[in-house]
Amino acid sequence: MSHKVPVQDAAPRSAKSDTLPQDSVIGVRSSRIASTVAIGLTVGSFAGYFALIKQGPLLAWSALLMSLMLAAGVFLWFTQAGRQLIAFAADALREVQKVVWPTRKEALQTTGYVFAFVVLMALFLWLTDKSLEWILYDVLLGWKK
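Residues in the sequence shown are numbered from 1 upward in steps of one, following full-length UniProt numbering.
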């Protein structure tokens, strides 16, 4: 009995076709326009800050923060890179939620072990340093302090 394997589309796929939607021309064009708008808003926000600084710092800072938030919103919502960043952040959050965090007791015990090891290593390195200092300067070279 023979098994039939489903035949996939034999057309070669470019690296871009994996990341772009079917209407890639429209997707790329709108993403570029949104990126340009976001960059323009960012530059404009700093220009507005310096133009409004004479009116008072509260107004200047408020305008700067509001326009930067608007630029970030345009980038995150309307560009492909922004949507990918949001998807990455969501995936990272899901992975963090899967982590089994240690209990307080386990965390304190592990921290104690680390501190004890650091103290032992410091003592070992200090003893090694002083031993080598004594061997080199006092015994071999005869330079008494």
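Beta carbons are placed, not taken as given, at the ideal position from N, Cα and C, and that holds for glycine. This structure is a prediction, so every number in the text was calculated from the model and none was measured.
Just checking my contact of residue i with residue j at CB under 8 Å: how many whole Å lie between their CB atoms?
i, j, result
"Y49", "A60", "5 Å"
"Q84", "G27", "With 8 Å as the limit, Q84 and G27 do not qualify as a contact, their Cβ atoms being about 12 Å apart."
"S31", "L68", "With 8 Å as the limit, S31 and L68 do not qualify as a contact, their Cβ atoms being about 20 Å apart."
Please state the DSSP three-state secondary structure of residue i.
i, result
"G44", "helix"
"G27", "helix"
"L141", "coil"
CB of residue i to nearest heavy atom of the ligand SAM: below 6 Å?
i, result
"L141", "The model depicted lacks the ligand SAM and carries no ligand whatsoever."
> Does the stretch 67-84 come close enough to the stretch 36-43 that 3 or more CB-CB pairs lie under 8 Å?
Replying inline: Segments in contact, yes.
>> Using 8 Å as the cut-off, can you tell me whether the stretch 93-109 makes contact with the stretch 50-69, which would need three or more C-beta pairs spanning the two stretches below that distance?
In response: no
>> For a minimum of 4 consecutive residues, which ranges assigned as the alpha helix (DSSP H) are wholly contained in the stretch 58-113?
In response: Counting whole runs of 4 or more residues, the stretch 58-113 contains the alpha helix (DSSP H) stretches 80-98.
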